[in-house]
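S.K.:
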Amino acid sequence: AQTVTQSQPEMSVQEAETVTLSCTYDTSENNYYLFWYKQPPSRQMILVIRQEAYKQQNATENRFSVNFQKAAKSFSLKISDSQLGDTAMYFCAFMNPGVSMEYGNKLVFGAGTILRVKS
Amino acid sequence: GAGVSQSPSNKVTEKGKDVELRCDPISGHTALYWYRQSLGQGLEFLIYFQGNSAPDKSGLPSDRFSAERTGGSVSTLTIQRTQQEDSAVYLCASSFYRGGYRGANTEAFFGQGTRLTVV
Numbered sequence: 037a038q039t040v041t042q043s044q045p046e047m048s049v050q051e052a053e054t055v056t057l058s059c060t061y062d063t064s065e066n067n068y069y070l071f072w073y074k075q076p077p078s079r080q081m082i083l084v085i086r087q088e089a090y091k092q093q094n095a096t097e098n099r100f101s102v103n104f105q106k107a108a109k110s111f112s113l114k115i116s117d118s119q120l121g122d123t124a125m126y127f128c129a130f131m132n133p134g135v136s137m138e139y140g141n142k143l144v145f146g147a148g149t150i151l152r153v154k155s
Numbered sequence: 418g419a420g421v422s423q424s425p426s427n428k429v430t431e432k433g434k435d436v437e438l439r440c441d442p443i444s445g446h447t448a449l450y451w452y453r454q455s456l457g458q459g460l461e462f463l464i465y466f467q468g469n470s471a472p473d474k475s476g477l478p479s480d481r482f483s484a485e486r487t488g489g490s491v492s493t494l495t496i497q498r499t500q501q502e503d504s505a506v507y508l509c510a511s512s513f514y515r516g517g518y519r520g521a522n523t524e525a526f527f528g529q530g531t532r533l534t535v536v
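Quick mapping for you: the protein sequence lines, in order, are chains A and B.
According to my numbering, the first sequence is numbered sequentially starting from 37.
According to my numbering, the second sequence is numbered sequentially starting from 418.
Structure, rendered in structure tokens:
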């Protein structure tokens, strides 16, 4: 079974600085998808960024970028120029497309990292 | 609809009562997920529906929990004989299955959840 590990329960960063959240996962598959989701105090889960394993180029979305190390099974999220609105819980998630409906497509989440941006 | 809709947004029930939580996914999305999130914790997978396939029920914590998805759209999560440990936020998500031999879902879109409190 796939597992996702986020080893940092909580992190803090000063406004305008850069912070990196770590995520590792375990799979024997070669083709899969990785996501970072953000959950602010409003409880709404929001997709931050997505990476497809067959793509070597790291995904970027404005101030958010990932460092995808496939061999190391590592998928860290870098937030540049941190803003107060970035304060939230961040979840790393894994999805294996699979070759059968019974095996694939289930989203597996890590335990989350609480990020606090300080002014 | 424009997004995933869950109702009610909050539910307080007495221990031992049955509750039903509803999820209305994004129109056309074939996959539907239920997760449970205890206060400040990660997402615990409950059940996953994909099209007409048999659902993946591997995350349901006990036989008091069940879920249905009627007509491939609306889903209801039922908890019978509720216990205090069932208190949590129940999140629903949907996604579109792209199909094909190595098909995969697009990213999951989440509702705002139902906060269940068992007193």
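Virtual Cβ for every residue (Gly too), placed ideally from N, Cα, C.
(1) Let me check one thing: in DSSP terms, what residues is Met-131(A) bridge-paired to?
(2) Would you identify the three-state DSSP class for Glu-53(A), choosing helix, strand or coil?
(3) Does Gln-80(A) have its Cβ less than 8 Å from a Cβ in chain B?
(4) What does a CB cutoff of less than 8 Å around Ala-525(B) pick up in its chain, not counting 5 residues either side in sequence?
(5) List, in chain order, every chain B residue whose beta-carbon is nearer than 8 Å to that of Arg-86(A).
(6) Residues in its own chain within less than 7 Å of Tyr-507(B) by CB, not counting five upstream and five downstream?
(7) Please classify Gln-467(B): does DSSP put it in a helix, a strand, or coil?
(8) Which residues of the segment 439-473 of chain B have a Cβ closer than 9 Å to any Cβ of chain A? Give them in chain order.
(9) Quick test of your reading: Cys-114(A) and Thr-41(A), contact by CB under 8 Å. State the CB separation rounded to the nearest angstrom.
(10) Helix, strand or coil: which one does DSSP assign to Leu-456(B)?
(11) With 8 Å set as the bound, which would you pick, yes or no: does the beta-carbon of Phe-482(B) sit closer than that to a beta-carbon of chain A?
(12) Please state the DSSP three-state secondary structure of Gln-423(B).
(13) First and last residue of the beta strand (DSSP E) that includes Ser-441(B)?
(14) With C-beta atoms as the reference, is Val-144(A) less than 8 Å away from Ala-129(A)?
(15) Taking the alpha carbon of Ser-43(A) as the reference point, which residue from Ser-110(A), Gly-121(A) and Met-131(A) has its own alpha carbon closest?
(16) If I follow the unbroken beta strand (DSSP E) through Tyr-514(B), where does it start and stop?
(17) Apart from the five residues on each side of it in sequence, which residues of its chain come closer than 7 Å, Cβ to Cβ, to Arg-99(A)?
(18) Along the segment 502-515 of chain B, where does the CB come closer than 9 Å to a CB of chain A? Name the residues.
(19) Roughly how many angstroms separate the alpha carbons of Lys-154(A) and Glu-51(A), rounded to a whole number?
(20) Among Val-49(A), Met-131(A), Ala-95(A) and Asp-122(A), which has the Cα closest to the Cα of Pro-76(A)?
(21) Taking any Cβ of chain B, which residues in the segment 107-124 of chain A have a Cβ under 8 Å from it, in chain order?
(22) Taking 8 Å as the CB-CB cut-off, is Ala-147(A) touching chain B?
(23) Along the beta strand (DSSP E) that carries Thr-149(A), what are the first and last residues, could you check?
(24) Got a sec: is the Cβ-Cβ distance from Leu-70(A) to anything in chain B below 8 Å?
(25) So, for Asp-435(B): in the same chain, excluding its five sequence neighbours on each side, which residues have a beta-carbon less than 8 Å away from its beta-carbon?
M.R.: Once the coordinates are examined:
(1) Residue numbering aside, residue 131(A) sits at position 95 when the first sequence is read from its first letter. DSSP lists Tyr-69(A) and Leu-143(A) as partners of Met-131(A).
(2) Mapped onto the first sequence, residue 53(A) falls at position 17. Glu-53(A) falls in the coil class under three-state DSSP.
(3) The residue labelled residue 80(A) in the question sits at position 44 within the first sequence. Cβ-Cβ to chain B under 8 Å: yes for Gln-80(A).
(4) Translated into the one-based positions of the second sequence, residue 525(B) becomes position 108. If we look at Ala-525(B) and ignore the five residues flanking it on each side, its Cβ neighbours are Ala-448, Tyr-450, Ala-510, Ser-511 and Ser-512.
(5) The count along the first sequence starts at 1 and reaches residue 86(A) at position 50. Simply Glu-524.
(6) Counted from its first residue, the second sequence places residue 507(B) at position 90. Result list for Tyr-507(B): Leu-438, Trp-451, Arg-453, Leu-494, Gly-530, Thr-531 and Leu-533, in chain order.
(7) Along the second sequence, one-based indexing puts residue 467(B) at 50. If DSSP states are grouped into helix, strand and coil, Gln-467(B) belongs with the strands.
(8) Ala-448, Tyr-450, Tyr-452, Gln-454, Gly-457, Gln-458, Gly-459, Leu-460, Glu-461, Phe-462, Tyr-465, Gln-467, Gly-468, Ser-470, Ala-471 and Asp-473
(9) Numbered from 1 along the first sequence, position 78 holds the residue referred to as residue 114(A). Numbered from 1 along the first sequence, position 5 holds the residue referred to as residue 41(A). Checking the sequence, you will find Lys at residue 114(A) rather than Cys. No, Lys-114(A) and Thr-41(A) are not in contact; Cβ-Cβ is about 18 Å, not under 8 Å.
(10) For this step, residue 456(B) is matched to residue 39 along the second sequence. In the structure shown, Leu-456(B) sits in coil (DSSP, three-state: anything other than H, G, I, E or B).
(11) Looking up residue 482(B) in the second sequence gives position 65. By this cut-off, Phe-482(B) is not an interface position.
(12) The residue you call residue 423(B) lines up with position 6 of the second sequence. Reduced to three states, the DSSP call for Gln-423(B) is strand.
(13) Indexing the second sequence from 1 puts residue 441(B) at position 24. First, the residue type needs correcting, since residue 441(B) is Asp and not Ser in the sequence shown. Residues 436-441.
(14) Position 108 of the first sequence, counting from 1, holds the residue named residue 144(A). Position 93 of the first sequence, counting from 1, holds the residue named residue 129(A). Yes, they are a contact pair.
(15) Working through the first sequence from its first residue, we reach residue 43(A) at position 7. With respect to the C-alpha of Ser-43(A), the residue from Ser-110(A), Gly-121(A) and Met-131(A) having the closest C-alpha is Ser-110(A).
(16) Residue 514(B) sits at position 97 when you count from the first residue of the second sequence. Element bounds for Tyr-514(B): n/a, residue is neither H nor E.
(17) Your numbering for residue 99(A) matches position 63 in the first sequence. Within the same chain, Arg-99(A) has close Cβ partners Ile-115, Ser-116 and Asp-117.
(18) Val-506, Leu-508, Ala-510, Ser-512, Tyr-514 and Arg-515
(19) In the first sequence, the residue the question calls residue 154(A) occupies position 118. In the first sequence, the residue the question calls residue 51(A) occupies position 15. When the Cα atoms are used, Lys-154(A) and Glu-51(A) turn out to be separated by approximately 6 Å.
(20) Residue 76(A) sits at position 40 when you count from the first residue of the first sequence. Here the closest residue by C-alpha is Asp-122(A).
(21) none
(22) Stepping through the first sequence from its first residue, residue 147(A) is reached at position 111. Chain B contact via Cβ: present.
(23) Indexing the first sequence from 1 puts residue 149(A) at position 113. It spans 149-154 - the beta strand (DSSP E) in which Thr-149(A) sits, taken as one unbroken run.
(24) As a working note, residue 70(A) is residue 34 in the first sequence. By this cut-off, Leu-70(A) is not an interface position.
(25) Within the second sequence, numbered from 1, the residue matching residue 435(B) stands at position 18. Cβ neighbours of Asp-435(B) beyond the five flanking positions: Thr-495, Ile-496, Gln-497, Arg-498 and Thr-499.
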